[in-house]
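S.K.:
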Amino acid sequence: MIAEAGHYALTLALFIAIVQATVPLIGAHKNDSFWMSFAQPAAILQFLLVAFAFGCLTIAFVTSDFSLAVVVHNSHTAKPLIFKISGVWGNHEGSMLLWVLILSLFGALVALFGNNLPPGLRSRALAVQAMIAVGFYLFMLLTSNPFERIIPPPANGQDLNPLLQDFGLAIHPPMLYLGYVGFSMAFSFAIAALIEGRVDAAWARWVRPWTLLAWCFLSGGIALGSWWAYYELGWGGFWFWDPVENASFIPWLSGTALLHSSIVVEKRDALKGWTIFLAIVTFSLSLLGTFLVRSGVLTSVHSFATDPSRGVFILALLVIVTGGSLALFAWRGPGLKSDVLFQPISREGGLLFNNLVMTTAAATVLLGTLYPLMLEAMGGGKVSVGAPFFNATFVPLMVPMLIAMAAGPMLTWKRSDLKPVLNRLWIAFIAAIVLVLVVWQIQGGAVFGLIGTGIATWLFVGTMVQLGERIHLFRVPLGDSLRRLGRTPRAAWGMTLAHAGLAITIAGITGAGVWKVESIQSLMPGQSVSLSGFDFKFQGVKQIQGPNYQATRATFTVTQDGKAVVTLHPEKRLYVVQNQPTTEAAIHSTIWGDLYAVIGDPEGTKGAYVTRLYFNPLVVWMWIGVMMMMLGAAMSLSDRRYRIGAPKRTRQRIEGAAATSLK
């Protein structure tokens, strides 16, 4: 009965979404407050129904209800509880239910906390959000029903993919979806603004928090996925430019551009049409990522589905959402003109440069991801576009923007002078040169390593200089500077943390990507290998029994200059239900680098094993940098301006906004 109740709740949520998508929209068109008032309770009720359905599916997994096909294919009684729970979204059907749960959650949050929004804009935005939900409800109920019964039920399940039985990947999809789906709110506000015919500073103030929230979660989701690949797949790397990795990275790039362009709309009432276009494109790219993962056109450890009918349905949904929204933009967008002028060297110009680079980078990664698919579809055979292409195209694109990031926040609005700004950044330039020379002496002349070091130093010190300029450091008494620091808006703190975090992330990527040291060999118990000043001694292996796997556990003692550093225990696991092996790397992290050990297959009959040992310099800096970026986003969200929303517009503001409305 629990499954039937969940199925009924999903069906009922579909009908509530249809009401939410039509009645408030008509009410906003007629300026009928009664009809518009349907949007809020409908959004909240829709969320409660989907949450109930999600709870029913969770109960089915926790209790091992093998009368449901999705539980049979993705669970087993011997699986630990945490992975029974994560199995709810570790499959196609459950992940789509999680998708609509988060979609309805964002709608409910706007309904609950959007009282400061104009009723017409709120009603239209919630109606657009419901239209998206209708498409996904139909997709689930027609092609991907998570409550489909299997008769007769088997005695046990087929277990979850062993690669997904990991704590990092248990929380990776929810965080990634909060980012993916979170951009739907910016999309809904953009479409509502096009329908209404007005985009102004108040609109940007309402949109920015939702965009920032989605960007924060998507950043965390991407970082978690990279972290999982680093320690779970046992290859010593953290990013492979896998097509499904790219599917989440592309909307992150366009979402970053959207976040910065909305600042120009809010502060200067410029780039309005461009910002609307970015909101449409960013969510469309999120839908494209959904299509790539669930259509079967890509083969990856991340992909869920291989059913072509599902791919066709999502492709049709993508075409309708993207095509319809772009058609509306082509019709209404030309009216979103702005008379605001600014010079190329200005704060607006710097943010526009950010947008141009970010969107070009997103287009480059998109082209590299889709080119093999398009070539194969046209009969051109199979080709592979991998890391060499992306490193040769994406990295050079980003270098100018990263250099400009240190100066951009110090430019003034409308018109600025670059020379005084660069004069104030002399200490960042000197710091970058000094550190590059130091690294050159220590690590050698690897060009990409020196460039990455210089850019990371320039950006980090430049960000600190910008903060010092804000509080007039060394220009007024220290007490006055500290008081200014205490009065610094949280949004400014957020920008500082995000930019500094990006600098630290770049340093981590540079260290782990350029100066990684690898050693692959066959070792007998008692033999040692020297690597980057550390001695790894192989002590042998033993067999252990896990809850639903058998494992070969190795022991390495690591010393440096004769002093014990750490004991590492990498494992080679065999999950007995699916007879699938996995690699569990042993990692010891320090601020300067990771000691990384992997045990492979036995070699010969004398107890020798293939081993892979790595020293990954500064890799932990990547995770620290991303956490700083997320903390910066959270601090910006806590700014009072975002908590209270846009101020109520005065009569003069309303008249001014009306003058820019579409006829």
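Using numbering that gives the first Met the number 0, the first residue of the sequence shown is number 0, and each one after it goes up by one. Think of the CB as a built atom: it goes at the ideal place given N, C-alpha and C, for glycine as much as any other residue.
Below 8 Å on the Cβ atoms is my guess for K78 versus D158; work out the distance and round it to an integer in Å.
M.R.: 6 Å
S.K.: Quick check on this structure: which residue in Q342, L177 and A192 has the alpha carbon closest to the alpha carbon of Y212?
M.R.: According to the sequence displayed, residue 212 carries Leu and not Tyr. Closest by alpha carbon: L177.
S.K.: Along the chain, where does the beta strand (DSSP E) containing R486 start, and where does it finish?
M.R.: R486 -> no beta strand (DSSP E), and no H or E assigned at all.
S.K.: In terms of residue numbering, what span does the alpha helix (DSSP H) encompassing S85 cover?
M.R.: L80 to S85
S.K.: Using DSSP bridges, identify the partner residues of E583.
M.R.: E570
S.K.: Nearest to T281 by alpha carbon, out of H75, L24, S415 and S247?
M.R.: Checked all of H75, L24, S415 and S247; the closest Cα to T281 is S247.
S.K.: Can you tell me whether S32 is buried or exposed? The criterion is at least 16 other CB atoms within 10 Å of its CB, across all chains shown.
M.R.: exposed
S.K.: What is the DSSP secondary structure of I519, counted as helix, strand or coil?
M.R.: strand
S.K.: Count the C-beta pairs between the region 175-192 and the region 90-107 that are closer than 8 Å, then say yes if the count reaches three, no if not.
M.R.: yes
S.K.: Using a threshold of 8 Å, state whether the C-beta atoms of A427 and V475 are closer than that.
M.R.: no
S.K.: Identify whether Q542 lies in helix, strand or coil by the three-state DSSP scheme.
M.R.: strand
S.K.: Output yes or no for whether 8 Å exceeds the beta carbon distance between T750 and Y574.
M.R.: Missing from the structure shown is residue 750; the chain here goes from 0 to 662 and no further.
S.K.: Who are the Cβ neighbours of L9 in its own chain at under 6 Å, not counting the five residues just before and after it?
M.R.: The answer, listed in chain order, is A52.
S.K.: Within the same chain, show all residues whose beta-carbon is closer than 7 Å to that of K541, passing over the 5 residues directly before and after it, in chain order.
M.R.: Taken in chain order, the residues that qualify are R552.
S.K.: Drop a sphere of 10 angstroms on the beta-carbon of Q559, count the other beta-carbons inside from all chains shown, and report buried for 16 or more, exposed for fewer.
M.R.: exposed
S.K.: Given a cut-off of 8 Å on the beta-carbon distance, is the pair L396 and T359 in contact?
M.R.: yes
S.K.: Could you compute how far the alpha carbon of P524 sits from the alpha carbon of F239?
M.R.: 33 Å
S.K.: For Q164, which three-state DSSP category applies?
M.R.: Looking at Q164 - three-state DSSP - the assignment turns out to be coil, as it is neither helix nor strand.
S.K.: What would DSSP say about R346, mapped onto helix, strand or coil?
M.R.: In the structure shown, the three-state DSSP call for R346 is helix.
S.K.: Where DSSP assigns a beta bridge to L671, which residues make up the other side?
M.R.: This structure leaves residue 671 out entirely; the chain is present only between 0 and 662.
S.K.: Would you mind sorting N422 into buried or exposed? The rule is 16 or more other CB atoms within 10 Å of its CB.
M.R.: With fewer than 16 Cβ atoms within 10 Å of its Cβ, N422 is classed as exposed.
S.K.: Quick one: residues in its chain with C-beta nearer than 7 Å to the C-beta of G385, no 5 flanking neighbours on either side, listed in chain order?
M.R.: W240
S.K.: Considering only residues of the same chain and omitting the five flanking positions on each side of T210, which have a CB-CB separation below 6 Å?
M.R.: Cβ neighbours of T210 beyond the five flanking positions: A185, L257 and L258.
S.K.: How big is the Cα-Cα spacing for V564 and N615?
M.R.: 16 Å
S.K.: Please report the Cβ distance between W610 and L481, rounded to the nearest whole angstrom; I am assuming they are in contact, meaning their Cβ atoms lie under 8 Å.
M.R.: Here the sequence assigns Thr to residue 610, which means Trp is not the residue at that position. About 53 Å separates the Cβ atoms of T610 and L481, ruling out a contact at the 8 Å cut-off.
S.K.: Using CA atoms only, rank isn't needed, just tell me which of V437, E195 and F352 is closest to N30.
M.R.: E195
S.K.: Rounded to whole angstroms, what is the Cα-Cα separation between A129 and F60?
M.R.: 28 Å
S.K.: Using a 10 Å radius around the Cβ and a threshold of 16 neighbouring Cβ atoms, would you call L287 buried or exposed?
M.R.: buried
S.K.: On the three-state DSSP scale, how would you describe V300?
M.R.: Residue placement at V300 cannot be trusted, given a pLDDT of 47 that sits under 50; the coordinates are not used to answer.
S.K.: From H301 to S383, what distance separates their C-alpha atoms?
M.R.: Confidence at H301 is low in this model, with a pLDDT of 48, below 50, so its placement is unreliable and the value that follows should be read with caution. In this structure, the straight-line span from the alpha carbon of H301 to that of S383 is close to 18 Å.
S.K.: Where in the region 35-119 do unbroken runs of the alpha helix (DSSP H), each at least 4 residues long, occur, reported from the N-terminal end onward?
M.R.: 38-61, 68-73, 80-85 and 91-112
S.K.: Can you find the residues in the same chain that come closer than 6 Å, C-beta to C-beta, to L417, ignoring five residues on each side of it along the sequence?
M.R.: I344
S.K.: In terms of residue numbering, what span does the alpha helix (DSSP H) encompassing R197 cover?
M.R.: Looking at the DSSP string, R197 is not in any alpha helix (DSSP H), and its letter there is neither H nor E.
S.K.: Out of S518, G592 and M627, which has the shortest C-alpha to C-alpha gap to G599?
M.R.: S518
S.K.: So, helix, strand or coil for D268, using DSSP?
M.R.: coil
S.K.: Which same chain residues, not among the five before or five after M634, have their C-beta less than 6 Å away from its C-beta?
M.R.: Only R489, W492 and G493 meet the Cβ criterion.
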